[in-house]
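Taking it in order: structure first as structure tokens, then the write-up.
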Amino acid sequence: AEAARAAEISARQLIDEMPEAVVAVDADGTVHSTNATASALFGADQTDVVGSHLVDYIDLGDRSEIDGAMAVAFGGGDVAPFEVRAMRGSQERVLVEATCLRPQHHDGGQSRRLIVRLRDITEREQQHRALAAARQRFHQAFQSAPTGMALVRLDDNRIVDANETLADMLQRRTDELVGCTLREFTHPDDVRAAQPHRARLELGIVDTFRIDQRYRRRDGEFVWARTRVSSAEDDGILLAIVHVEDISEQRRAAARLRYAAQHDDLTGLPNRSFLMHLLHDRLAVAESGSVSVLFIDLDQFKVVNDSLGHEVGDELLRTLSGRLRDALRDGDVLARFGGDEFVAVVTGSGVDIAERLLAVVRPPVTIGEHELYVTASIGCTTGQDEMTPHDLLRDADAAMYRAKALGRDRVETSAVGDRESGVHALRTVGELRKGLARGEIVPYFQPIVDLESGRVVGYEVLVRWLHPERGLLPPGEFLPLADESGLSVELGARVLRDALAQLGRWRAAGHPFAGCSLSVNVGTRQLVDPSFHDVVREALAETGVDADSLWLEITETSLLADVNGATVALRELRGLGLHLSVDDFGTGYSSLTYLKRFPVEAIKIDRSFVGGLGLDSEDTTIVEAVVRLGQSLGLTVVAEGIESPLQLTRLRELG
Numbered sequence: 105a106e107a108a109r110a111a112e113i114s115a116r117q118l119i120d121e122m123p124e125a126v127v128a129v130d131a132d133g134t135v136h137s138t139n140a141t142a143s144a145l146f147g148a149d150q151t152d153v154v155g156s157h158l159v160d161y162i163d164l165g166d167r168s169e170i171d172g173a174m175a176v177a178f179g180g181g182d183v184a185p186f187e188v189r190a191m192r193g194s195q196e197r198v199l200v201e202a203t204c205l206r207p208q209h210h211d212g213g214q215s216r217r218l219i220v221r222l223r224d225i226t227e228r229e230q231q232h233r234a235l236a237a238a239r240q241r242f243h244q245a246f247q248s249a250p251t252g253m254a255l256v257r258l259d260d261n262r263i264v265d266a267n268e269t270l271a272d273m274l275q276r277r278t279d280e281l282v283g284c285t286l287r288e289f290t291h292p293d294d295v296r297a298a299q300p301h302r303a304r305l306e307l308g309i310v311d312t313f314r315i316d317q318r319y320r321r322r323d324g325e326f327v328w329a330r331t332r333v334s335s336a337e338d339d340g341i342l343l344a345i346v347h348v349e350d351i352s353e354q355r356r357a358a359a360r361l362r363y364a365a366q367h368d369d370l371t372g373l374p375n376r377s378f379l380m381h382l383l384h385d386r387l388a389v390a391e392s393g394s395v396s397v398l399f400i401d402l403d404q405f406k407v408v409n410d411s412l413g414h415e416v417g418d419e420l421l422r423t424l425s426g427r428l429r430d431a432l433r434d435g436d437v438l439a440r441f442g443g444d445e446f447v448a449v450v451t452g453s454g455v456d457i458a459e460r461l462l463a464v465v466r467p468p469v470t471i472g473e474h475e476l477y478v479t480a481s482i483g484c485t486t487g488q489d490e491m492t493p494h495d496l497l498r499d500a501d502a503a504m505y506r507a508k509a510l511g512r513d514r515v516e517t518s519a520v521g522d523r524e525s526g527v528h529a530l531r532t533v534g535e536l537r538k539g540l541a542r543g544e545i546v547p548y549f550q551p552i553v554d555l556e557s558g559r560v561v562g563y564e565v566l567v568r569w570l571h572p573e574r575g576l577l578p579p580g581e582f583l584p585l586a587d588e589s590g591l592s593v594e595l596g597a598r599v600l601r602d603a604l605a606q607l608g609r610w611r612a613a614g615h616p617f618a619g620c621s622l623s624v625n626v627g628t629r630q631l632v633d634p635s636f637h638d639v640v641r642e643a644l645a646e647t648g649v650d651a652d653s654l655w656l657e658i659t660e661t662s663l664l665a666d667v668n669g670a671t672v673a674l675r676e677l678r679g680l681g682l683h684l685s686v687d688d689f690g691t692g693y694s695s696l697t698y699l700k701r702f703p704v705e706a707i708k709i710d711r712s713f714v715g716g717l718g719l720d721s722e723d724t725t726i727v728e729a730v731v732r733l734g735q736s737l738g739l740t741v742v743a744e745g746i747e748s749p750l751q752l753t754r755l756r757e758l759g
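Under the numbering used here, the residues of the sequence shown are numbered 105 to 759, in order.
Okay, here's the thing in structure tokens:
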């Protein structure tokens, strides 16, 4: 008896400690016994629960369900777990899962009591509701997301859901996407690129990855998208959550930025940075002597910019850059190096190509009312073993400056000493600035003789540099550098003032030759300089020399650089009462077309033609034609550089 009592107490303790409420009821629903968990569930003492009816602790709306379940169980039927609301006190309701069990006696017969187990499932239901709400929120976010989204099964890679954004991006309906794989819409190259990432995701090595790839739209075009893939599980199914963001415009913007970083805004040509990388890459794989660099500088471009403004200058650059680019072969590259400088990288020797480039620059360029004549100076060098891009550009640049010093509109190839010549040129420009300030630039006077009477009728002023270390330098040593460095305007004004002052001193001293006229050369930059008119007027006033004694000589090339601008400038100068002549006549372009347009009174035959007079038939014909042209137009004709009696005789015969 003691052992039985102890076993009963032990069993009672076990039942009380169970996490579920356990209630034993009779056939009429009267509670026979219960455990501590049931008392806590109902919020009542065990003594109060025992003897009451179980349905009294069940919500009124669920009583019929529990009564029916107990009746089935007492009748020997199986009852599946079901949910009812238990009452804790008069206000609180607790959702429980109820299970009805009719135990058997040890002799095999059915017990007259029913065991009802009630398990509190409030927390589980809250979790279920939270999960359902989360799923609903995900679905809403999924469908309304501004980026494309798809849910993809990882076992077969098929789309189980897709939102409208993705469908619109691919120009399809969502139901067309479901059941397909994203691979069907992906560019083949990008499929291969994504495979290692997807394998790592499926193996669980990573739980997310990102890749940029292209997807094919219905129209066959591809859209660039940033694809983010992460893994998730839903009801035991492994899914990939795929975010697809259209980055086509971003990539186009990035491409535009890359293009802008490598190209010149004005001409659309590659810029200096692009060229240096290109040249480096080509030299790395090229054989010695197979790559040449052409350094191209436009002659007199600064004059156009200064006289007509940057808008005209920019249009001129665009036109000429197009000509230069079109003249190159496939594989050759033209870049704008800065300002009016261009660099071409070509295959093989570049001399023939350089000559072609010179030819395409020479034809006039019409911009508005301006017809502009521009030439180019080109330096050419060919890459040899161990030469760097900087070496090639430096040597081509030095050769280009030599082309300018030799008269412009020509090609020069790099030679030994070019590098030193470039350094020498830079030093000379610096010394020239100091020389102008110290008065080292001096005028020399060359007589102009009337061949009929033999009298000296005027002087042409020739500039010399009395260098403190190098002695007396002729103009060829420094004038081209003065023009390129922007010093020609200041130098020309100094020569004009000093020459007029000298003539004024001669006249004040009563020298017989002081009554002659004075001819002063005017450079292109001077002619179009807005202040040049005032410089001439002030120089005449300061020296007391009358304007009728002054001749300004302008080269034909300068006149034709900008015909309209030159015409206006010359008419304003002519209005001062001075005289104008065309220097080096016959060496420019279209001389006869514009000669009558300019208010000139004399033309000077270039010495290159006079040197062959009586010896070379072509030179003789040219000189005779120029003299007759001048006479027919009522112009004075002056011949330069008479060196022999034969030249003198023939010129006298021509009058």
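C-beta atoms are modelled at their ideal positions from N, C-alpha and C, and glycine is treated no differently.
As the structure is a computational prediction, the values presented were derived from the model and not from experiment.
task = Would you kindly work out how many angstroms separate the C-alpha atoms of residue 249 and residue 285, rounded to a whole number?
result = Here residue 249 refers to the residue found at position 145 when the sequence shown is read from its first residue. Here residue 285 refers to the residue found at position 181 when the sequence shown is read from its first residue. Inter-residue distance for residue 249 and residue 285 is about 21 Å (C-alpha atoms, whole angstroms).
task = Please report the residue range of the beta strand (DSSP E) in which residue 351 lies.
result = For the purposes of this step, residue 351 is identified with residue 247 of the sequence shown, where counting begins at 1. It is not in any beta strand (DSSP E) - residue 351 carries neither H nor E in the DSSP assignment.
inquiry  = Which runs of the beta strand (DSSP E) at least 3 residues long sit entirely within the stretch 481 to 542? Give them in chain order.
reply    = DSSP runs (the beta strand (DSSP E)) wholly in the stretch 481 to 542: 515 to 517.
query = Using a Cβ-Cβ distance under 8 Å, would residue 183 count as near chain B?
reply = Absent here is chain B; the protein component of the structure consists of one chain.
query = In chain order, what residues of the same chain have a beta carbon less than 8 Å from the beta carbon of residue 742, not counting five sequence neighbours either side?
reply = Working through the sequence shown from its first residue, we reach residue 742 at position 638. If we look at residue 742 and ignore the five residues flanking it on each side, its Cβ neighbours are 552, 685, 706, 707, 708, 709.
request  = Note down the Cα distance separating residue 655 from residue 626, rounded to an integer number of angstroms.
outcome  = The count along the sequence shown starts at 1 and reaches residue 655 at position 551. The count along the sequence shown starts at 1 and reaches residue 626 at position 522. Note on geometry: alpha-carbon atoms of residue 655 and residue 626 lie some 10 Å from one another.
Spatially closest choice to residue 653 from 680, 257, 540, by CA coordinates = Within the sequence shown, numbered from 1, the residue matching residue 653 stands at position 549. Looking at the Cα atoms, 680 is the closest of the given residues.
ask   = Where does the unbroken alpha helix (DSSP H) through residue 430 begin, and where does it stop?
value = Translated into positions along the sequence shown, residue 430 becomes position 326. Where residue 430 is concerned, the enclosing alpha helix (DSSP H) stretches over 414 to 431.
ask   = If you draw a straight line from the alpha carbon of residue 520 to that of residue 502, how long is it in whole angstroms?
value = As a first step, residue 520 must be located in the sequence shown, where it is residue number 416. As a first step, residue 502 must be located in the sequence shown, where it is residue number 398. Below a pLDDT of 50, predicted positions are generally treated as unreliable, and residue 520, at 48, falls in that range; no measurement from the model is reported.
Coarse secondary structure for residue 658, derived from DSSP in three states = Your numbering for residue 658 matches position 554 in the sequence shown. Residue 658: strand per DSSP, three-state reduction.
ask   = Count the other CB atoms within 10 Å of the CB of residue 532; is the residue buried (16 or more) or exposed (fewer)?
value = Along the sequence shown, one-based indexing puts residue 532 at 428. Classification for residue 532: buried.
ask   = By how many angstroms is the C-alpha of residue 316 removed from the C-alpha of residue 327?
value = For this step, residue 327 is matched to residue 223 along the sequence shown. For this step, residue 316 is matched to residue 212 along the sequence shown. Spanning the alpha carbons of residue 327 and residue 316 requires a straight line of approximately 11 Å.
Residue 249, enclosing beta strand (DSSP E) - first and last residue = Locating residue 249 in the sequence shown gives position 145, counting from the first residue. Premise fails: residue 249 is in no beta strand (DSSP E) and is neither H nor E.
inquiry  = Is it the case that the stretch 261 to 271 contacts the stretch 291 to 298, given that we only count it when at least three CB pairs across the two stretches are under 8 Å?
reply    = With a cut-off of 8 Å, the stretch 261 to 271 and the stretch 291 to 298 do not count as touching, because too few Cβ pairs lie within range.
query = What is the residue span of the alpha helix (DSSP H) that residue 596 lies within?
reply = Reading the sequence shown from its first residue, position 492 is the one you call residue 596. For residue 596, the enclosing alpha helix (DSSP H) stretches over residues 592 to 613.
message = Here's the rule I'm using: 16 or more other beta-carbon atoms within 10 Å means buried, otherwise exposed. How should residue 292 be labelled?
response = Residue numbering aside, residue 292 sits at position 188 when the sequence shown is read from its first letter. Residue environment analysis places residue 292 among the exposed positions, since fewer than 16 neighbouring C-beta atoms fall within 10 angstroms of its C-beta.
key: residue 447 vs residue 441 beta-carbon contact at 8 Å   = Here residue 447 refers to the residue found at position 343 of the sequence shown. Here residue 441 refers to the residue found at position 337 of the sequence shown. Yes, these two residues count as a Cβ contact at 8 Å.
Cβ separation of residue 127 and residue 142, assumed to be a contact under 8 Å, to the nearest whole Å = Residue mapping note: residue 127 aligns to position 23 of the sequence shown, counting from 1. Residue mapping note: residue 142 aligns to position 38 of the sequence shown, counting from 1. 5 Å between Cβ atoms; contact.
ask   = In the stretch 670 to 723, which residue ranges form an unbroken alpha helix (DSSP H) of at least 4 residues, counting only runs that do not cross its ends?
value = Listed in chain order, the alpha helix (DSSP H) runs fully inside the stretch 670 to 723 are 695 to 699, 711 to 714, counting runs of at least 4 residues.
key: Supposed contact pair residue 200 and residue 167 - C-beta distance, whole angstroms, cut 8 Å   = As a position in the sequence shown, residue 167 is number 63, starting the count at 1. As a position in the sequence shown, residue 200 is number 96, starting the count at 1. A Cβ-Cβ distance of about 14 Å is found for the pair residue 167 and residue 200, leaving them out of contact under the 8 Å criterion.
inquiry  = Under 8 Å: do the stretch 743 to 752 and the stretch 711 to 722 share three or more Cβ pairs, one atom per stretch?
reply    = Cβ pair count under 8 Å is three or more, so yes.
ask   = Are the stretch 592 to 605 and the stretch 620 to 640 touching, with three or more C-beta to C-beta distances below 8 Å?
value = Contact between the stretch 592 to 605 and the stretch 620 to 640 is present, because at least three Cβ pairs lie under 8 Å.
Any non-hydrogen atom of the ligand NAD within 7 Å of residue 415 CB = The ligand NAD is absent from the structure shown, which contains no ligand whatsoever.
key: Per DSSP, the bridge partner or partners of residue 191   = For the purposes of this step, residue 191 is taken as the residue at position 87 of the sequence shown. When DSSP reads this structure, residue 191 sits in a beta bridge with 197.
ask   = In chain order, what residues of the same chain lie with their CB nearer than 7 Å to the CB of residue 176, ignoring the 5 residues before and after it?
value = Indexing the sequence shown from 1 puts residue 176 at position 72. The residues are 183.
query = Would you report the Cα separation of residue 694 and residue 723, rounded to the nearest angstrom?
reply = Locating residue 694 in the sequence shown gives position 590, counting from the first residue. Locating residue 723 in the sequence shown gives position 619, counting from the first residue. Note that residue 694 scores 48 on pLDDT, short of 50, meaning its location in the model is unreliable; the coordinates nonetheless yield the value given after this. Looking at the two C-alpha atoms, the distance is approximately 18 Å.
ask   = Going by DSSP, which residues form a beta bridge with residue 401?
value = Residue 401 sits at position 297 when you count from the first residue of the sequence shown. 445, 481.
key: Identity of the residues DSSP links to residue 566 by a beta bridge   = The sequence position of residue 566 within the sequence shown is 462, counting from 1. Paired residue(s): 548.
inquiry  = Short of 8 Å in beta carbon distance, which residues of its chain neighbour residue 253, apart from the five on each side in sequence? Order them along the chain.
reply    = Looking up residue 253 in the sequence shown gives position 149. So the list reads 246, 266, 267, 269, 270, 345, 346, 347, 348, once near-sequence residues are dropped.
query = Roughly how many angstroms separate the alpha carbons of residue 216 and residue 135, rounded to a whole number?
reply = Working through the sequence shown from its first residue, we reach residue 216 at position 112. Working through the sequence shown from its first residue, we reach residue 135 at position 31. Taking the straight line joining both Cα atoms gives about 12 Å.
ask   = Based on the DSSP output, what are the partners of residue 186 in its beta bridges?
value = Here residue 186 is taken as the residue at index 82 of the sequence shown, counted from 1. 202.
request  = Measure from the alpha carbon of residue 497 to the alpha carbon of each residue in 398, 536, 728, then state which is nearest.
outcome  = Residue 497 sits at position 393 when you count from the first residue of the sequence shown. Out of 398, 536, 728, 398 has the C-alpha closest to the C-alpha of residue 497.
inquiry  = Using a 10 Å radius around the Cβ and a threshold of 16 neighbouring Cβ atoms, would you call residue 233 buried or exposed?
reply    = In the sequence shown, residue 233 corresponds to position 129, counting from 1. Around the Cβ of residue 233, a 10 Å sphere holds fewer than 16 other Cβ atoms; the residue is exposed.
task = Give the range of the alpha helix (DSSP H) segment to which residue 385 is assigned.
result = As a first step, residue 385 must be located in the sequence shown, where it is residue number 281. Note, residue 385: alpha helix (DSSP H), 376 to 389.
ask   = Are the Cβ atoms of residue 699 and residue 658 separated by less than 8 Å?
value = Within the sequence shown, numbered from 1, the residue matching residue 699 stands at position 595. Within the sequence shown, numbered from 1, the residue matching residue 658 stands at position 554. No, the Cβ-Cβ distance between residue 699 and residue 658 is not below 8 Å.
request  = Work out the CA separation of residue 669 and residue 412 for me, nearest whole Å.
outcome  = Your numbering for residue 412 matches position 308 in the sequence shown. Your numbering for residue 669 matches position 565 in the sequence shown. Cα to Cα, the separation comes out at about 8 Å.
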